[in-house]
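Enquirer:
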Amino acid sequence: MADVRTGDGTRRSAAPVILLGPPGAGKGTQAARLAAHLRVPKISTGDMLREAIAAGTPLGRQAGPLMDKGQLVPDDLLNGIVGARVQRDDCATGYVLDGYPRTLRQAEGFEDLVGGGVSAGFVVVNVEVPREELLRRLSGRRWCPTCQSTYHVESRASRDGLHCDRDGTLLIQREDDKETAVAHRLVEYDRRTAPLIDFYRHRARLSDVDGHRPVDEVFEDLRRLVEAQR
Ligand code: ADP
Ligand code: ADP
Numbered sequence: 017m018a019d020v021r022t023g024d025g026t027r028r029s030a031a032p033v034i035l036l037g038p039p040g041a042g043k044g045t046q047a048a049r050l051a052a053h054l055r056v057p058k059i060s061t062g063d064m065l066r067e068a069i070a071a072g073t074p075l076g077r078q079a080g081p082l083m084d085k086g087q088l089v090p091d092d093l094l095n096g097i098v099g100a101r102v103q104r105d106d107c108a109t110g111y112v113l114d115g116y117p118r119t120l121r122q123a124e125g126f127e128d129l130v131g132g133g134v135s136a137g138f139v140v141v142n143v144e145v146p147r148e149e150l151l152r153r154l155s156g157r158r159w160c161p162t163c164q165s166t167y168h169v170e171s172r173a174s175r176d177g178l179h180c181d182r183d184g185t186l187l188i189q190r191e192d193d194k195e196t197a198v199a200h201r202l203v204e205y206d207r208r209t210a211p212l213i214d215f216y217r218h219r220a221r222l223s224d225v226d227g228h229r230p231v232d233e234v235f236e237d238l239r240r241l242v243e244a245q246r
């Protein structure tokens, strides 16, 4: 993976950071902080798909019904949108992936796309959270349909508990955070995404992080890990 020169003149690797973990593990929350800290883009496939739905594009029309039910969107579509996104100039100094890859076919596609057929240069972090805590987080998650910020009714409420702190939009519950869709998403995770932990453990630099702690503590571990490896 190529080295890049940063603003302060130091060199560092542009290795992509991949956050793995089940729905509700805190990937989006941590990816936003890590990307801001490293000054690289956060690439969230869930956010990209929800933007496509809001814009009414063909991708959005295909993805919307699958997402609402808690099913995964086809691999080729995901490899296509991520492939196009990581080629943009702002990714030249690295980026943080949130929610991709999610299947072996995506992991292999991504490897071919940016790793020259190997994952060895990727920094992969597996965020671990017990199942009952995932259910608590997902059922209480609230979301801003304008800027895609995420809140939680108990642990991260907005200032007035109802509206987004950034733009004042009324917060809503995502359709796929309702009970039946959540059950589907956890099954999809176990069946199709969890195997990526072994995939990367053997082929990349994978670290496990205990995600069942306050956001700041999880971030501190993540930051140290990633800085040591970039
Ligand atoms: P993911 O992207 O992995 O699905 P999110 O970052 O959206 O996860 O977090 C899911 C929910 O849990 C959100 O409501 C978020 O505010 C909350 N959350 C995230 N990290 C923590 C944490 N460390 N402790 C408690 N709640 C958290
Ligand atoms: P979470 O991390 O909380 O599960 P995301 O916002 O990452 O939620 O994803 C929401 C939904 O978008 C997924 O349940 C799935 O339908 C779709 N999706 C997002 N990323 C992918 C992906 N890499 N492959 C297939 N489907 C995806």
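Each residue of the sequence shown is one higher than the last, beginning at 17 in the numbering used here. By construction, the Cβ of each residue, glycine as well, lies at the ideal position given by its N, Cα and C atoms. Model, not experiment: these values are computed from the prediction.
I need the boundaries of the beta strand (DSSP E) containing E144, first residue and last residue.
Expert: 139 to 144
Enquirer: If you reduce the DSSP assignment to three classes, tell me which class Y111 lands in.
Expert: coil
Enquirer: Assuming P32 and Y111 make a contact with CB atoms under 8 Å, what is their CB distance in whole Å?
Expert: 6 Å
Enquirer: In whole angstroms, what separates the C-alpha of R66 from that of G156?
Expert: 19 Å
Enquirer: Cβ atoms of V141 and L35: under 8 Å apart, would you say?
Expert: yes
Enquirer: Looking at Q7: is its Cβ nearer than 8 Å to the Cβ of E204?
Expert: For residue 7 there is no data in the structure shown, the boundaries of the chain being 17 and 246.
Enquirer: Can you tell me whether L35 is helix, strand or coil according to DSSP?
Expert: If DSSP states are grouped into helix, strand and coil, L35 belongs with the strands.
Enquirer: Looking at the secondary structure, which residues open and close the alpha helix (DSSP H) in which I59 lies?
Expert: I59 -> not in any alpha helix (DSSP H); beta strand (DSSP E) instead, spanning 58 to 60.
Enquirer: Is the region 184 to 201 touching the region 96 to 103, taking contact as three or more C-beta pairs under 8 Å?
Expert: no
Enquirer: If you follow the alpha helix (DSSP H) that T166 is part of, which residue opens it and which one closes it?
Expert: Careful: T166 lies outside any alpha helix (DSSP H), inside the beta strand (DSSP E) at 166 to 168.
Enquirer: Can you tell me whether V134 is helix, strand or coil according to DSSP?
Expert: In this structure, V134 counts as coil in the three-state DSSP scheme.
Enquirer: So the beta strand (DSSP E) R157 belongs to, where does it begin and stop?
Expert: 157 to 159
Enquirer: Does the Cβ-Cβ distance between G37 and V198 come in under 8 Å?
Expert: Taking a C-beta distance under 8 Å as the contact criterion, G37 and V198 do not qualify as a contact pair.
Enquirer: Any idea which residues DSSP pairs H179 with across the strands?
Expert: Looking at the DSSP assignment, H179 forms a beta bridge with L186.
Enquirer: Taking the continuous beta strand (DSSP E) assigned at R201, which residues delimit it?
Expert: Taken as a continuous stretch (DSSP letters only), R201 belongs to no beta strand (DSSP E), being part of the alpha helix (DSSP H) at 195 to 204.
Enquirer: Counting pairs of Cβ atoms below 8 Å between the region 43 to 53 and the region 217 to 224, do you hit three or more?
Expert: no
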